[in-house]
Amino acid sequence: MVSEQSSACLSQPIRHGHHPALYPGSACVVAQDSGEAPMNPLHSLRQQAAGLLLAGLACTVQAAPQHGVTLYDEAPKYPADFKHFDYVNPDAPKGGTFRQAGFGGFDSLNPFINKGVPADDIGLIYDTLARASLDEPFSEYGLVAGKIEKAPDNSWVRFYLRPEARFHDGHPIRAEDVEFSFKTLMEHGSPMYKGYYADVDQVVVEDPLRVLFKFKHKGSREMPLILGQLPVLPKHFWANRDFSKGNLEFPLGSGPYKVADVKAGRSVRYERVKDYWARDLPINKGFYNFDVLTTDYYRDNTVALEAGKAGQFDYWVETSAKNWATAYDTPAVRDGRLIKEELPNGNPTGMQGFVFNLRKPVFQDARVREALTLLLDFEWTNKQLFNGSYSRTKSYFDNSEMASSGLPSAAELKILEPLRGKIPDRVFTEPFTLPVTDGSGMIRPQQRRAFQLLQEAGWKIVDDKMVDAQGNPVKLEFLIAQTEFERILLPYKRNLSDLGIDLVIRRADVSQYINRLRSRDYDMIVSGYPQSSSPGNEQRVYFDSSSADNPGSRNFMGLKDPAIDSLVAGLINADSRESLVTHTKALDRVLLWGFYVVPNWHIKTWRVAYWNHIDHPKAKALSDIGLMTWWAKPDVRPVTATPSATDQASPANAEQ
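Numbered according to the UniProt record's numbering, the sequence shown spans residues 1 to 656.
Below is the structure:
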């Protein structure tokens with residue numbers, strides 16, 4: 001559900017454990033504290049990996065196929081004979097229906113292209129080569145690929161496919177399907193894939209059950225794991241179909257669920273594949289417990305919330321602090337039928353903020369961006385709108401050891417010094433801080449400093465209106481997809497108005513919003529940059545020059561800076577955890593001092609409400625809510641919607 005969080009998926013969990021970078025068709029359009037979580041409707045695909053060495057390959061050290069791989073070659077947490085992940089209930093009962101709410105709508109069942117809006121959770125119909133565990137920084141265990149082998153110098157990776165792996169129609173999964181999947185995504189998928197898999201030089205089908213990926217460079221530690229996330233598409237299914245067109249034809253997959261019913265833009269239903277080929281694998285033990293998954297879509301989140309409380313769906317991530325504090329005083333909550341719970345979120349919270357589109361001349365001057373940053377009164381907003389629930393975000397990697405603070409360390413300076421003169425001088429001389437107000441709503445010191453910065457940039461007041469250095473009146477459009485976020489922006493709009501700046505809040509429906517994101521047709525948006533415990537290749541998608549003109553990337557700010565490109569490359573090529581943390585802190589500092597976003601806020605828990613006929617494991621995977629480890633209690637009757645609420649809060653009415 002939408003909230004006070006951003007339109008680019010952030011401290012909200014990745015739904016059902018999918019990786020945000022892999023579903024470019026998904027474009028989160030929710031913001032934390034309307035909301036604070038990314039929007040439910042549009043998601044991404046799961047993380048995973050596999051491989052072995054060709055006898056004919058010249059290699060000084062013989063690699064060995066493994067059941068799992070890690071980023072820095074340390075032993076994975078789970079041994080080859082492990083029975084299940086620690087964060088599941090291996091005895092969870094199977095059965096029941098899990099009902100969710102979506103936001104906006106959908107018009108496609110193809111999440112891999114930049115056309116249309118894909119249905120929620122469509123990734124569950126696909127298996128990937130491997131799966132990431134949710135209680136390690138970055139480890140993957142074989143799924144479609146039973147074994148994974150990577151070169152000692154990380155110049156290639158080989159995946160050994162399980163002979164029993166099959167698509168839903170019974171067709172076996174073979175190496176040619178993996179090759180087809182990779183080439184199809186590169187040639188016909190979102191342009192994002194070209195950046196994500198840029199270091200792959202060649203894919204080689206060595207035999208029906210063995211596929212080799214060769215890399216352009218040695219030392220690419222992350223690429224073997226990134227390729228493990230590759231969804232396997234059926235070559236025979238797509239042979240006579242156009243992959244580049246989004247439509248509602250039911251696609252063929254090999255995963256734990258299949259599409260059972262679709263009502264365009266309104267609802268989607270998935271059914272568990274009873275003879276799922278991988279159901280008994282240790283990595284699937286305790287997963288995929290519901291027989292049926294349904295999502296009904298709502299255009300109005302207030303209506304959706306009332307529908308949830310009335311029993312029209314089973315589970316909700318509450319992204320509004322105000323709602324969490326005041327909207328659940330109901331008999332169902334008081335008597336324990338509707339459960340409110342805050343689950344720990346061990347992820348880095350990443351950065352949510354008001355993003356400046358640097359493609360627009362008005363934002364080219366960093367002094368302008370800094371001035372606009374000063375005008376967000378977080379303390380008043382948190383006190384008056386969020387019930388004091390949030391902390392100010394002060395890092396692109398907040399809530400982690402990778403967040404920068406104070407002045408650069410000696411290790412960071414070794415990275416930053418060669419860039420002196422190409423990055424802001426204050427990186428070296430000042431700790432990055434954001435203004436702290438008294439929460440009264442009076443921010444005159446910040447407004448005076450902002451006005452001074454704007455004057456230095458050549459801006460001035462003419463007839464009570466701010467004009468830029470060219471004499472043009474300053475009018476900024478802030479694009480949003482959710483009405484609820486307007487209340488967050490109105491105080492900011494007033495603060496800008498006091499300096500003669502006109503901020504126009506423009507709401508678009510989900511399809512229009514996503515199309516405008518892809519065409520970069522906005523001045524400002526609220527968005528987020530989700531981070532994991534092991535940042536890597538996705539930083540290129542966020543911040544690298546190569547992604548700025550790519551409509552499938554998350555480089556919403558349009559950032560093109562060779563110094564930042566260098567820092568991103570250093571992060572990706574870090575050869576140890578210590579080096580990764582140091583490179584990440586260095587990148588964080590430069591991004592912060594660039595004032596590319598107005599930092600927002602975050603919370604270190606997931607606020608969930610669910611009816612008591614469903615349950616979850618006692619052990620938690622800190623990096624994800626792990627919805628696919630939840631189950632329906634066979635001895636508790638599911639809640640049914642009350643007639644009055646059904647009349648007032650149906651998805652159909654929500655769309656009218």
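Even glycine gets a Cβ: it sits at the ideal position worked out from N, Cα and C. Since this is a predicted model, take the numbers as computed values, not measurements.
Check: Close-in-space but distant-in-sequence residues of the same chain around Gly265 (CB under 7 Å, 5 per side omitted); Outcome: Gly105, Phe106, Asp107 and Tyr297
Check: At least three beta-carbon pairs within less than 8 Å, the region 341-351 to the region 393-410; Outcome: yes
Check: Proximity to Asp468 [Cα-Cα], best of Leu499, His84 and Ala327; Outcome: Leu499
Check: Cβ-Cβ distance between Leu503 and Lys493 below 7 Å; Outcome: yes
Check: Between the CA atoms of Asp121 and Ile625 - distance to the nearest angstrom; Outcome: 15 Å
Check: Exposure of Met442, with buried meaning 16 or more beta-carbon neighbours within 10 Å; Outcome: exposed
Check: Three-state class that DSSP yields for Trp380 in the structure shown; Outcome: helix
Check: Local conformation of Asp291 per DSSP, three classes; Outcome: coil
Check: Rounded straight-line distance, which links the Cα of Pro473 to that of Ile461; Outcome: 9 Å
Check: Alpha carbon of Phe451 to alpha carbon of Ser497, nearest angstrom; Outcome: 12 Å
Check: Sub-7 Å separation of Phe287 and Lys235 beta-carbons; Outcome: no
Check: Rounded C-alpha distance that separates Asp300 from Ala119; Outcome: 18 Å
Check: Tyr492 - DSSP class collapsed to helix/strand/coil; Outcome: helix
Check: Sequence ranges, alpha helix (DSSP H) only - wholly within the region 478-543, length at least 4; Outcome: 486-497, 510-518 and 538-543
Check: Pro562 - containing beta strand (DSSP E), residue span; Outcome: Taken as a continuous stretch (DSSP letters only), Pro562 belongs to no beta strand (DSSP E), being part of the alpha helix (DSSP H) at Pro562 to Ile572.
Check: As assigned by DSSP and simplified to three states, the class of Ile125; Outcome: helix
Check: Exposed unless 16 or more other CB atoms sit within 10 angstroms - verdict on Glu149; Outcome: buried
Check: Per-residue DSSP class, three states only, for Ala75; Outcome: coil
Check: Span separating the alpha-carbon of Arg637 from that of His613; Outcome: 6 Å
Check: For Leu358, three-class secondary structure by DSSP; Outcome: coil
Check: Where the beta strand (DSSP E) through Thr373 begins and ends; Outcome: It is not in any beta strand (DSSP E) - Thr373 instead sits in the alpha helix (DSSP H) that spans Ala366 to Leu374.
Check: Any alpha helix (DSSP H) of 4 or more consecutive residues that is wholly inside the region 75-159; Outcome: none
Check: Contact check, Asp201 vs Lys183, beta carbons under 7 Å; Outcome: no
Check: Assigned secondary structure, Ala21 (DSSP; H/G/I helix, E/B strand, else coil); Outcome: With a pLDDT of 44 at Ala21, under the threshold of 50, the predicted position of this residue should be treated as unreliable, though the coordinate-derived value follows. Note: Ala21 maps to helix in three-state DSSP.
Check: Residues bridged to Ser440 (per DSSP); Outcome: Ser440 pairs with nothing; no bridge assigned.
Check: Under 7 Å between C-beta atoms of Ala327 and Ala641; Outcome: no
Check: Contact between the region 354-370 and the region 325-340 (3+ Cβ pairs under 8 Å); Outcome: no
Check: Cα-Cα separation between Asp464 and Asn555, rounded to whole angstroms; Outcome: 35 Å
Check: Within the region 219-289, ranges of the alpha helix (DSSP H) (whole runs, at least 4 residues); Outcome: 223-228 and 235-238
Check: Distance CB(Ile514)-CB(Val117) smaller than 7 Å; Outcome: yes
Check: As assigned by DSSP and simplified to three states, the class of His602; Outcome: strand
Check: Residues near Thr97 in its chain [Cβ-Cβ closer than 6 Å; skip 5 each side]; Outcome: Val292
Check: Pair within 7 Å by beta-carbon distance, Val205 and Glu176; Outcome: yes
Check: For Asp201, the three-state DSSP class (helix, strand or coil); Outcome: strand
Check: Inter-residue spacing [alpha-carbon to alpha-carbon] between Lys115 and Ser139; Outcome: 32 Å
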